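Peer 1:
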Ligand SMILES: [Zn+2]
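In our numbering, the protein residues as written are 39 to 238.
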């Protein structure tokens, strides 16, 4: 026995990241209990995102309507550009300060996911540095293998293209309240490399 409409809803929900069949099924049976007005609000929210959220042609961040909140903001840092892989990372940085300038790569080099250099927005990054004349670029990619590979590649090509550009990486620290025994090798290795002399 199968109900076509519910099967279709499950199929759509399964497209969400981290949602398998069982979770999708649970969600679907929850959704069909929604009131008619809740269903309408749900559909309207999806339509609103589809119709009004686009990517800024310059920094590639999401924007609502015509104006990019980042590119149009004159108070943003004009000297330092933070390179990030996805918009969710932008939101993390915005929680710290709302003065950064960003450029998205739309991913990182990842042989396991079939993402190569040509899939990344490296031309946009080059254009942005040239156009806005940034003095420093901070590579803010995730401290994992794919992020490392991408950062090393970017360090090389950026240095070749802009010999006077300062290129920096985030200092990856050990998590506060963490236990050294549970820290993964890459974090520990980065913590050692990024160590600070304390008796100067
Ligand atoms: Zn923008």
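The beta-carbon is built from N, C-alpha and C at its ideal position, and this holds for glycine as well.
If you're wondering where the values come from, they're calculated on a predicted model, not measured in any experiment.
Determine the contact status of residue 62 and residue 71, defining contact as a CB-CB distance below 9 angstroms.
Peer 2: What you label residue 62 is simply residue 24 of the chain shown in a count that begins at 1. What you label residue 71 is simply residue 33 of the chain shown in a count that begins at 1. Their beta carbons are not under 9 angstroms apart, which means residue 62 does not touch residue 71 by this criterion.
Peer 1: Specify, as a first and last residue, the run of the alpha helix (DSSP H) that residue 101 falls within.
Peer 2: In the chain shown, residue 101 corresponds to position 63, counting from 1. Here residue 101 belongs to no alpha helix (DSSP H); instead the beta strand (DSSP E) covers 100-102.
Peer 1: Using a 10 Å radius around the Cβ and a threshold of 16 neighbouring Cβ atoms, would you call residue 78 buried or exposed?
Peer 2: Here residue 78 is taken as the residue at index 40 of the chain shown, counted from 1. Label assigned to residue 78: exposed.
Peer 1: Label residue 87 either buried or exposed according to how many other C-beta atoms from any shown protein chain fall within 10 Å of its C-beta, with 16 as the threshold for buried.
Peer 2: In the chain shown, counting from the first residue as 1, residue 87 sits at position 49. Its Cβ having fewer than 16 others within 10 Å, residue 87 is exposed.
Peer 1: Just mark residue 112 as buried or exposed, buried being the case when its beta carbon has 16 or more other beta carbons within 10 Å.
Peer 2: Your numbering for residue 112 matches position 74 in the chain shown. That one is exposed.
Peer 1: Reducing DSSP to helix, strand and coil, say where residue 167 ends up.
Peer 2: Taking the chain shown and counting its residues from 1, one reaches residue 167 at position 129. Of the three classes helix, strand and coil, the one that applies to residue 167 here is helix, per DSSP.
Peer 1: Suppose you measure from the CA of residue 151 to the CA of residue 132; what does that come to, to the nearest Å?
Peer 2: Residue numbering aside, residue 151 sits at position 113 when the chain shown is read from its first letter. Residue numbering aside, residue 132 sits at position 94 when the chain shown is read from its first letter. When rounded, the distance between both Cα atoms is 28 angstroms.
Peer 1: Note down the Cα distance separating residue 106 from residue 99, rounded to an integer number of angstroms.
Peer 2: Against the chain shown, residue 106 aligns to sequence position 68. Against the chain shown, residue 99 aligns to sequence position 61. Near 8 angstroms, if we compare the C-alpha coordinates of residue 99 and residue 106.
Peer 1: Please list the terminal residues of the continuous beta strand (DSSP E) segment that includes residue 233.
Peer 2: Working through the chain shown from its first residue, we reach residue 233 at position 195. That residue, residue 233, is in no beta strand (DSSP E); it is neither H nor E in DSSP.
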